[in-house]
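Numbering (my numbering), first residue to last: 350 to 439.
Glycine included, every Cβ here is placed at the ideal spot set by N, Cα and C.
The structure displayed is predicted, hence computed values, not measured ones.
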């Protein structure tokens, strides 16, 4: 991401009471104003199981909540296409 001019900061939070792990990823070009929060567990076989992904891009009032990575990628692709169309008009 840094090769494309996007700065980021990673944080890992392990809550004391809840069994799920939380990973926070903040990113942005100038400011770290975009956020992705991933809540996950480990299955009994040791594999990761993602419970939910919260994404808040700049200027959004409410985070978008996704159940899996496929929904997140589809949303981000649509968001990227809309921004590309707006920039093409300028």
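Just confirm the distance between the C-beta atoms of residue i and residue j, as a whole number of angstroms; I'd bet it's less than 8 Å.
{"i": "residue 376", "j": "residue 356", "result": "7 Å"}
{"i": "residue 400", "j": "residue 368", "result": "Wrong, their Cβ atoms sit about 10 Å apart, outside the cutoff."}
Report all residues from its chain with a CB closer than 6 Å to the CB of residue i; omit the five preceding and five following residues, and keep chain order.
{"i": "residue 373", "result": "360, 386"}
{"i": "residue 405", "result": "384, 412"}
{"i": "residue 362", "result": "371"}
Per DSSP, which residues does residue i bridge with? Please list them.
{"i": "residue 361", "result": "372"}
{"i": "residue 403", "result": "386, 414"}
{"i": "residue 301", "result": "In the structure as shown, the chain starts at 350 and stops at 439, and residue 301 therefore has no counterpart that could be examined."}
Apart from the five residues just before and just after residue i, which ones in its own chain have a Cβ nearer than 7 Å to its Cβ?
{"i": "residue 382", "result": "407"}
Taking only the alpha-carbon atoms, compute the straight-line gap between residue i and residue j and give it to the nearest angstrom.
{"i": "residue 396", "j": "residue 420", "result": "20 Å"}
{"i": "residue 422", "j": "residue 365", "result": "31 Å"}
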